[in-house]
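Heads up: the structure comes next, in structure tokens.
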């Protein structure tokens, strides 16, 4: 990595993460975020103002491609900031972006439709989890409504809109980072998890007005369906990691989700 900077004495540090492909680089007052073999999708995200600006891209002799973004001073959003209008408008901007959708299609992404989601959830869950009453109820709900879940359009969805992936810079710029799970899906995938996790139900209609859409019964059902899917996936993932505290947290979330009345 040091060869990227010619004779300048840059300090390069791992940025952590499971992949080990991200780094911080610093030279006096200059700071960069480096990533190895990131998707070409990053350049479009940068051009759209969704992630911090891409500074350069370089290919190494071994064929690896390194991208460098400005390392911004800022902070992650707090959970109680997620119901703000800026979040809703940014998410709508992402879901409405033709360049983002076009790039994912060129990269070979196929629409992630409900039948595929349900099949993956059903195949992923351990037998012992499937015997638990909340999980059985959730799977029954998914099966019952599967044929009625239909997106008006498939758009670019982030897939993990938790508050830790939203960054606010010191000059009040808002970004959504960590796009490794980007997909072409129903926008209710992103909106549903955000509303169920962070926004009181009595404020959903107001949040949706900032997003620019009406909160219809159909959209409510789609949100709940996708949230139940995601909760089951996270339940299994946390169990596989041996994180019993988080297993309990996601089980409680699944039960709270199930208690919400189904739209007619």
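Numbering (the working numbering), first residue to last: 73 to 336.
Glycine included, each C-beta is placed from N, C-alpha and C at the ideal position.
- Residue pairing by DSSP places residue 84 opposite 97 in a beta bridge.
- Looking at the DSSP output, residue 249 bridges to nothing.
- In the three-state DSSP reduction, residue 188 falls in the helix class (H, G or I).
- A direct Cα-to-Cα measurement between residue 168 and residue 215 gives close to 29 Å.
- For residue 294, the three-state secondary structure derived from DSSP is helix.
- By the criterion of at least three beta-carbon pairs nearer than 8 Å, the region 292-311 is not in contact with the region 162-180.
- Between the alpha carbons of residue 134 and residue 140 lies a gap of roughly 18 Å.
- The bridge partners DSSP lists for residue 229 are 255.
- Boundaries cannot be given for residue 144, as no beta strand (DSSP E) includes it and DSSP labels it neither H nor E.
- In the three-state scheme derived from DSSP, where H, G and I count as helix and E and B as strand, residue 173 is classed as helix.
- Listed in chain order, the non-local C-beta contacts of residue 253 below 6 Å within the same chain comprise 231, 232, local neighbours out to five positions each way being set aside.
- If you look at residue 277, you'll find it isn't in any beta strand (DSSP E); it sits in the alpha helix (DSSP H) that goes 276-283.
- Using a C-beta cut-off of 8 Å, the region 217-237 makes contact with the region 252-268, since at least three inter-stretch Cβ pairs fall below that distance.
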